[in-house]
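Mapping the sequence shown onto the numbering used here, position 31 (from 1) lands on 294, and the numbers just tick up by one. Below is one structure, written out as structure tokens; the observations come after it.
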Amino acid sequence: MEEDAAAREALRLKLIEAEVSLKLAEEEYEQFREQLKRYEDTIKEQKETIRVIKANTGLHLQ
């Protein structure tokens, strides 16, 4: 019985540790996605700025 209780406690602690690790990974992943979205938005803005400048100046550079 004591061995079962000790094994259950060890498993419980491992599960808690796994949950904490998973939560941290999820938070880091969400930060990565937010940063990636900001990069994407910045690239789109810069492309639009370049397109507008080219349209206003009559330049058709590639």
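For glycine and all other residues, C-beta sits at the position ideal for the given N, C-alpha and C.
Cβ shell of residue i (< 8 Å), same chain only, five flanking positions each side left out
{"i": "Gln294", "result": "none"}
{"i": "Tyr292", "result": "none"}
{"i": "Arg271", "result": "none"}
Simplified DSSP state of residue i, which is helix, strand or coil
{"i": "Leu278", "result": "helix"}
{"i": "Leu287", "result": "helix"}
{"i": "Leu299", "result": "helix"}
Residues near residue i by beta carbon distance below 7 Å, same chain, minus five either side
{"i": "Lys279", "result": "The question names Lys, yet the displayed sequence has Ile at residue 279. Within the same chain, Ile279 has no close Cβ partners at all."}
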